Ligand SMILES: Cc1cc2nc3c(=O)[nH]c(=O)nc-3n(C[C@H](O)[C@H](O)[C@H](O)COP(=O)(O)O)c2cc1C
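Numbering (this note's numbering), first residue to last: 65 to 439.
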């Protein structure tokens, strides 16, 4: 149901220049693992999914994409370390570009959020630590005991990120987002709850962040700061990865990002919404003020909250996860203040190429995109 569109441009629909990229609005597709890339190879239905969400001047961030065979923790997540994977991504990125949107590839390594079965030759997953994820953390997985990386192995993993970034640019992505959030490998090093090392990658805040900083340095050198964004979630404790001083951690990392002139964006996840009033805590302003580039906030936003934070100058852009997943035309719905499709959590991560993926309806009055829904 479409209410009458306001004549005034809402803050979320204001254009924005991010580096050299002319964005037509502020509604970003958050990275969303979908596990439909069988055998780590992105499939034709992935092109349908992303191009459904692409409009001229929009910004899409891909689902987390494995940088190497040891990077995997979710079956059928896409990879970007082989030439075959690079070729498979190309038509997907082309489809998004044909719609006029910009597309960044989120590059990740899951570290200990994995199992021996997911690893090459049944090896233990690698991490900062040998501490295993103990409880049922809501992902439905039982994770294996990890093996702490030897100090001498770390440059090799840094290089995996560098190669993945190079591959992403070869594919035609407009840039990469380094996944430094949500309890995956880089965060396992950054956070003191999961880093119990006694080498130069453990102990002090500077030491714990060294690995992430080295990855950022290597990727920036490889593809240029203007093509690099970094995602951080200092306040999160997903998969038992938490820090005792998230403010100091975020502050340190933002200062590191600023050392790269022109580093494109910092994408930060809000603390979990309050159980009492279901409100976003809004703890990111200090970091937005400290960061020299574009700031993207994520976590729990709807139309009203998004308009408010862009209007107030709390953030430049807002990334939407679950709402964008369920509403392929989310920016348009926000623009005209239309009602939204409800997301179905049970189909977030399944192998189906259509259900819960490309079958969410578009606004009834928007005929342009209907053809792509069941393609
Ligand atoms: C199904 C699903 C998959 C996700 N996959 C990723 C991912 O690959 N990378 C990432 O950084 N965050 C991932 N997230 C987190 C989202 O990007 C986002 O931060 C989170 O959903 C909160 O935003 P929202 O309230 O707008 O949904 C995922 C979330 C969901 C629901």
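We treat Cβ as the ideally placed atom computed from N, Cα and C, and that holds for glycine. Values in this document were obtained by computation on a predicted structure and should not be read as measured data.
- Query: Which whole-angstrom value describes the C-beta separation of residue 291 and residue 239, a residue pair presumed to lie in contact below a C-beta threshold of 8 Å?
  - Reply: In the chain shown, counting from the first residue as 1, residue 291 sits at position 227. In the chain shown, counting from the first residue as 1, residue 239 sits at position 175. Confirmed, about 4 Å.
Notebook entry, point to check: If you drop the 5 nearest sequence neighbours on each side, which residues of the same chain put their C-beta closer than 8 Å to that of residue 375?
Noted result: Residue mapping note: residue 375 aligns to position 311 of the chain shown, counting from 1. Taking residue 375 as the centre and dropping the five residues before and after it, the same chain places the C-beta of 75 closer than 8 Å to its C-beta, in chain order.
Practice problem: Run the proximity test for residue 179: is its beta-carbon closer than 6 Å to any non-hydrogen atom belonging to ligand 1? | Solution: Sequence index remark: in the chain shown, residue 179 carries index 115 (1-based). Residue 179 has its Cβ no nearer than 6 Å to any heavy atom of ligand 1.
| Where residue 190 and residue 348 are concerned, what is the direct C-alpha to C-alpha distance, given to the nearest angstrom? | Looking up residue 190 in the chain shown gives position 126. Looking up residue 348 in the chain shown gives position 284. Going by the C-alpha atoms only, they are around 31 Å apart.
Taking only heavy atoms of ligand 1 into account, decide whether any of them is closer than 6 Å to the Cβ of residue 94.
Taking the first residue of the chain shown as position 1, residue 94 is located at position 30. Indeed, a heavy atom of ligand 1 lies less than 6 Å from the Cβ.
Item to complete: Go ahead and pull the three-state DSSP assignment for residue 406.
Response: On the chain shown, position 342 is the one that residue 406 refers to. If DSSP states are grouped into helix, strand and coil, residue 406 belongs with coil.
Give me the residue from 165, 192 and 356 with the minimum Cα distance to residue 479. Since the first residue of the chain shown is 65 and the last is 439, residue 479 is not available in this structure.
So within the segment 87 to 170, which uninterrupted alpha helix (DSSP H) runs reach at least 4 residues, ignoring any that extend past its ends? Complete alpha helix (DSSP H) runs here, min 4: 108 to 116 and 147 to 162.
- In this structure, does DSSP put residue 360 in helix, strand or coil? Here residue 360 refers to the residue found at position 296 of the chain shown. Assigned with DSSP and collapsed to three states, residue 360 falls in strand.
field: Cα-Cα separation between residue 425 and residue 392, rounded to whole angstroms
entry: Counted from its first residue, the chain shown places residue 425 at position 361. Counted from its first residue, the chain shown places residue 392 at position 328. Rounded to whole angstroms, residue 425 to residue 392 spans 8 Å at the Cα level.
Nearer than 6 Å: is that true of the beta carbon of residue 333 relative to any heavy atom of ligand 3? Because ligand 3 does not appear in the structure shown, any question about it cannot be addressed here, the ligands present being ligand 1.
request  = With distances taken Cα to Cα, identify the nearest neighbour of residue 308 among 330, 268 and 346.
outcome  = Residue numbering aside, residue 308 sits at position 244 when the chain shown is read from its first letter. For residue 308, the closest C-alpha among the options 330, 268 and 346 is that of 268.
Below 6 Å, is the gap between the Cβ of residue 412 and the nearest heavy atom of ligand 1? Within the chain shown, numbered from 1, the residue matching residue 412 stands at position 348. Correct: residue 412 has its Cβ closer than 6 Å to ligand 1.
How is residue 280 classed by DSSP in three states: helix, strand or coil?
In the chain shown, residue 280 corresponds to position 216, counting from 1. If DSSP states are grouped into helix, strand and coil, residue 280 belongs with the helices.
Quick check on the burial criterion: 16 or more other C-beta atoms within 10 angstroms. Buried or exposed for residue 132?
Numbered from its first residue, the chain shown carries residue 132 at position 68. Residue 132 is buried by the Cβ-count criterion.
Given residue 138 as reference, the closest of 87, 72 and 205 once Cα atoms are compared: Working through the chain shown from its first residue, we reach residue 138 at position 74. With distances taken between Cα atoms, residue 138 lies closest to 205.
Alpha carbon of residue 294 to alpha carbon of residue 242, nearest angstrom: Here residue 294 corresponds to residue number 230 of the chain shown, with the count starting at 1. Here residue 242 corresponds to residue number 178 of the chain shown, with the count starting at 1. Annotation: residue 294 to residue 242 spans about 5 Å, alpha carbon to alpha carbon.
* Go to residue 293, then tell me how far its beta strand (DSSP E) extends in each direction, as first and last residue. => As a position in the chain shown, residue 293 is number 229, starting the count at 1. Counted as a single uninterrupted DSSP element, the beta strand (DSSP E) harbouring residue 293 occupies residues 292 to 296.
| query | For the segment 274 to 292 against the segment 227 to 237, are there 3 or more C-beta pairs whose distance is under 8 Å? | reply | Touching, per the Cβ criterion.
* Backbone CA spacing between residue 385 and residue 94 [nearest angstrom] -> Along the chain shown, one-based indexing puts residue 385 at 321. Along the chain shown, one-based indexing puts residue 94 at 30. Those two C-alpha atoms are separated by around 5 Å.
Practice task
Could you pull out every residue in the same chain whose Cβ sits closer than 6 Å to the Cβ of residue 193, ignoring the five residues on either side in sequence?
Solution key: In the chain shown, counting from the first residue as 1, residue 193 sits at position 129. So the qualifying residues of the chain are 212, 258 and 260.
Quiz item: Checking contacts by CB at 7 Å: is residue 199 closer than that to chain B?
Solution: Among the chains of the structure shown, chain B does not appear; only one protein chain is present.
For residue 120, I'd like the list of residues in its chain whose CB is within less than 8 Å of its CB, leaving aside the five on either flank, ordered along the chain. The sequence position of residue 120 within the chain shown is 56, counting from 1. For residue 120, same chain residues with a beta-carbon under 8 Å away, outside a window of 5 residues either side, are 88, 163, 164 and 165 in chain order.
Would you kindly work out how many angstroms separate the C-alpha atoms of residue 340 and residue 346, rounded to a whole number?
Looking up residue 340 in the chain shown gives position 276. Looking up residue 346 in the chain shown gives position 282. When rounded, the distance between both Cα atoms is 15 Å.
- Query: Which residues bound the alpha helix (DSSP H) around residue 218?
  - Reply: The count along the chain shown starts at 1 and reaches residue 218 at position 154. Taken as a continuous stretch (DSSP letters only), the alpha helix (DSSP H) holding residue 218 covers 218 to 235.
Taking the straight line between their C-alpha atoms, what separation do you get for residue 373 and residue 233?
Indexing the chain shown from 1 puts residue 373 at position 309. Indexing the chain shown from 1 puts residue 233 at position 169. Distance between the alpha carbons of residue 373 and residue 233 is about 32 Å.
Q | Reduced DSSP category for residue 241 - H, G, I as helix; E, B as strand; rest coil | A | Here residue 241 is taken as the residue at index 177 of the chain shown, counted from 1. Annotated three-state conformation of residue 241 is strand, per DSSP.
Practice prompt. Compute the beta-carbon to beta-carbon distance between residue 145 and residue 130, rounded to the nearest angstrom, for a pair I have assumed lies under 8 Å.
Written response: Mapped onto the chain shown, residue 145 falls at position 81. Mapped onto the chain shown, residue 130 falls at position 66. The pair is a contact, with the Cβ atoms about 7 Å apart (cut-off 8 Å).
Please list the segments of the alpha helix (DSSP H) lying wholly inside the segment 332 to 384, counting only runs of 4 or more residues, in order along the chain.
Counting only runs of 4 or more, we get 349 to 354 and 367 to 375.
Notebook entry, point to check: Closest to residue 413 by CA distance: which of 208, 185, 141 and 136 is it?
Noted result: Taking the chain shown and counting its residues from 1, the one referred to as residue 413 is at position 349. Restricting attention to 208, 185, 141 and 136, the CA atom closest to the CA of residue 413 is found in 141.
Checklist entry - If you draw a straight line from the alpha carbon of residue 216 to that of residue 253, how long is it in whole angstroms? => result For this step, residue 216 is matched to residue 152 along the chain shown. For this step, residue 253 is matched to residue 189 along the chain shown. A direct Cα-to-Cα measurement between residue 216 and residue 253 gives close to 15 Å.
**Prompt:** residue 114: beta carbon under 6 Å from a heavy atom of ligand 1?
**Reply:** Sequence index remark: in the chain shown, residue 114 carries index 50 (1-based). Checking every heavy atom of ligand 1 against the Cβ of residue 114, none is found closer than 6 Å.
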